[in-house]
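Asks: Numbering (the numbering used here), first residue to last: 19 to 319. Glycine is no exception: its CB is placed at the ideal position from the N, C-alpha and C atoms. Note that the coordinates shown come from a computational prediction; the quantities given were computed from them, not determined experimentally.
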Amino acid sequence: MRAHTPFVGLVPAVLTPFDAGGALNLSAVEPQAERLARDGVAGVFVGGTTGEFSSLTQGERLALADRWAAVVKGSPTRLVVHVGANSLADAKQLAAQADALGADAISAVAPSYFKPKSVDVLVQWCAELAAAAPNTPFYFYDIPVLTGVALPMVDFLDQAAERVPTLRGVKFTNPDLMTFQRLLRAGGGRFDVLFGMDEQLLTAVVLGAQGAVGSGYNFAAPLYNRLLAAARANDFATARAEQYRGVELVAVLMRYGYLAAAKELLRLRGLDLGSVRLPHVPLTPEQAASLRRDLESLSAL
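#1: Throw me the rounded Cβ distance for the A249 and L220 pair, which I believe falls under 8 Å.
#2: Whether or not the stretch 304 to 315 and the stretch 50 to 67 are in contact is what I'm after, with contact meaning three or more pairs of Cβ atoms, one per stretch, closer than 8 Å; do they touch?
#3: Which first and last residues belong to the alpha helix (DSSP H) in which Q311 is found?
#4: Which same chain residues, not among the five before or five after V29, have their C-beta less than 6 Å away from its C-beta?
#5: For V127, which residues from the same chain have a beta carbon less than 7 Å from its beta carbon, with the 5 sequence-adjacent residues on both sides left out?
#6: If you scan the stretch 190 to 261 from start to end, which runs of the beta strand (DSSP E) of 3 or more residues do you find wholly inside it?
#7: Go ahead and pull the three-state DSSP assignment for D160.
#8: Can you tell me whether S233 is buried or exposed, with buried defined as 16 or more other CB within 10 angstroms of its CB?
#9: If we ignore side chains and look at the alpha-carbon of each, how far apart do L245 and A257 end up?
#10: Run through the DSSP bridge pairs and tell me what H100 is partnered with.
#11: Measure the alpha-carbon distance for V224 versus G39 and round it to whole angstroms.
#12: Report the CB separation of G264 from L241 in whole angstroms; it is logged as a contact under 8 Å.
#13: Since L74 and L112 are thought to touch, with beta carbons under 8 Å apart, how far apart are those beta carbons, to the nearest angstrom?
#14: G65 and F71 look like a contact to me (Cβ under 8 Å); what is the Cβ gap, rounded to whole Å?
#15: Is the number of C-beta pairs between the stretch 199 to 212 and the stretch 169 to 181 that are closer than 8 Å three or more?
#16: What residue range is occupied by the uninterrupted beta strand (DSSP E) comprising F63?
#17: Going by DSSP, what residues sit across from F36 in a beta bridge?
#18: What is the DSSP secondary structure of P30, reduced to helix, strand or coil?
#19: Here's the rule: buried if 16 or more other CB atoms are within 10 angstroms of the residue's CB, otherwise exposed. What is L271?
#20: Could you spell out the range, first to last residue, of the alpha helix (DSSP H) harbouring R323?
#21: Just to confirm, are D210 and Y276 a CB contact at a threshold of 9 Å?
#22: Among A279, E217, A227, P155, whose alpha-carbon lies nearest the alpha-carbon of L197?
#23: Per DSSP, L185 is paired with what?
#24: Roughly how many whole angstroms lie between the Cα atoms of D117 and G92?
#25: Out of curiosity, what's the CA-to-CA distance linking G27 and P134?
#26: Whole angstroms is fine: what's the gap from W86's alpha carbon to L119's?
#27: From what residue to what residue does the alpha helix (DSSP H) around G5 run?
#28: Find out if the Cβ-Cβ distance for the pair V141, V182 is shorter than 9 Å.
As structure tokens, this is what we get:
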């Protein structure tokens, strides 16, 4: 397996760019990556929840991963490709491609239509998936609020440690901070636990988080980097203030539909990634104007 070090810092779960007709717009990936690099991110998490993976065709997912790999090649930006799918065969194809592209890691949600009913079954599914990318570190992506799969992650790591040789950690998009602390210490601390809720990042950092994957780092990485710097300096008054700015920003975006509002925010900042696909709903012109006014009232960015 390729040499691997834990992720440190911010890894945006990148938005997927579409053109005016709703087709995949791969030409937008390069300016997207350039902006994120300027914002000081550690890597990118491609084709995940924020990237609307469940609304993409298999061909689009393959093309998106291929483009990101080409754009970040030779740069400090590390590439994580999300390969989860309800079809194990599709997931294995995505994993094999990521392996061939030299991705720094792959990650996968659990299948969510026919759900694994036990940790043992989930480990079996992950083992078969990860075997399709034998050179690439694997992170299970725990997001029970969307998958409906809420299995004990400490037990998962315990059982998967030997059965999934490439397992390196968990992307933990879960507000269960008791479990988060146990995961950090599982296996004597051998696993990398990437925290996935940017609106709670400071709490996770205090508990020991080193790396974080989140949608907010698409457009607010400078804010969260200030938070991290303040926490490292034990300046928790500043860190709390930055965290609350992030919370205010999330609250505004959620009022309009998070993903559509996030893309509109980036468009206002000069990066046009198009709109969203159904069942997400694009903003109306009136909503976009109202969002702009709300954003102007914030000091978050």
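Replies: With the given structure in hand:
#1: Here residue 249 refers to the residue found at position 231 when the sequence shown is read from its first residue. Here residue 220 refers to the residue found at position 202 when the sequence shown is read from its first residue. The Cβ separation is near 7 Å, so the contact holds.
#2: no
#3: The residue you call residue 311 lines up with position 293 of the sequence shown. What sits at residue 311 in the sequence shown is Arg, not Gln. It spans 303 to 314 - the alpha helix (DSSP H) in which R311 sits, taken as one unbroken run.
#4: By 1-based counting over the sequence shown, the position of residue 29 is 11. Cβ within range, chain order: A60, G61, F63, V231.
#5: Counting from one through the sequence shown, the residue named residue 127 turns up at place 109. Only G102, Y159, I161, T165 meet the Cβ criterion.
#6: 210 to 213, 229 to 232
#7: Within the sequence shown, residue 160 is the residue found at index 142, counting from 1. DSSP places D160 in strand when its eight states are reduced to three.
#8: As a position in the sequence shown, residue 233 is number 215, starting the count at 1. Burial call: buried.
#9: The residue you call residue 245 lines up with position 227 of the sequence shown. The residue you call residue 257 lines up with position 239 of the sequence shown. Approximately 5 Å, taken between the alpha carbons.
#10: Numbered from 1 along the sequence shown, position 82 holds the residue referred to as residue 100. In the DSSP output, where bridge partners are listed per residue, H100 has S125.
#11: Taking the sequence shown and counting its residues from 1, the one referred to as residue 224 is at position 206. Taking the sequence shown and counting its residues from 1, the one referred to as residue 39 is at position 21. Their Cα atoms are separated by approximately 44 Å.
#12: Here the question's residue 264 lines up with position 246 in the sequence shown. Here the question's residue 241 lines up with position 223 in the sequence shown. G264 to L241, Cβ: 6 Å. Contact.
#13: Position 56 of the sequence shown, counted from the first residue, corresponds to residue 74. Position 94 of the sequence shown, counted from the first residue, corresponds to residue 112. About 11 Å separates the two Cβ atoms, so there is no contact after all.
#14: Translated into positions along the sequence shown, residue 65 becomes position 47. Translated into positions along the sequence shown, residue 71 becomes position 53. That pair is a contact at about 5 Å.
#15: yes
#16: If you number the sequence shown from 1, residue 63 lands on position 45. Counting along the chain, the beta strand (DSSP E) containing F63 begins and ends at 61 to 64.
#17: Within the sequence shown, residue 36 is the residue found at index 18, counting from 1. In the DSSP output, where bridge partners are listed per residue, F36 has L42.
#18: What you label residue 30 is simply residue 12 of the sequence shown in a count that begins at 1. Three-state result, P30: strand.
#19: To locate residue 271, count along the sequence shown from 1; it is residue 253. It is buried - the Cβ of L271 has at least 16 other Cβ atoms within 10 Å.
#20: Outside the displayed span of the chain (19 to 319) sits residue 323, for which this structure offers no information.
#21: Translated into the one-based positions of the sequence shown, residue 210 becomes position 192. Translated into the one-based positions of the sequence shown, residue 276 becomes position 258. Cβ atoms of D210 and Y276: not closer than 9 Å.
#22: Here the question's residue 197 lines up with position 179 in the sequence shown. Reading the sequence as shown, one finds Thr at residue 197 and not Leu. Answer by Cα proximity: A227.
#23: Mapped onto the sequence shown, residue 185 falls at position 167. For L185, which the question treats as bridged, DSSP gives the partners F156.
#24: As a working note, residue 117 is residue 99 in the sequence shown. As a working note, residue 92 is residue 74 in the sequence shown. Cα to Cα, the separation comes out at about 16 Å.
#25: What you label residue 27 is simply residue 9 of the sequence shown in a count that begins at 1. What you label residue 134 is simply residue 116 of the sequence shown in a count that begins at 1. Going from the Cα of G27 to the Cα of P134 covers about 32 Å.
#26: Position 68 of the sequence shown, counted from the first residue, corresponds to residue 86. Position 101 of the sequence shown, counted from the first residue, corresponds to residue 119. Rounded to the nearest angstrom, the two C-alpha atoms are 10 Å apart.
#27: Past the edges of the chain, shown from 19 to 319, lies residue 5, and the structure says nothing about it.
#28: Against the sequence shown, residue 141 aligns to sequence position 123. Against the sequence shown, residue 182 aligns to sequence position 164. Yes, the Cβ-Cβ distance between V141 and V182 is below 9 Å.
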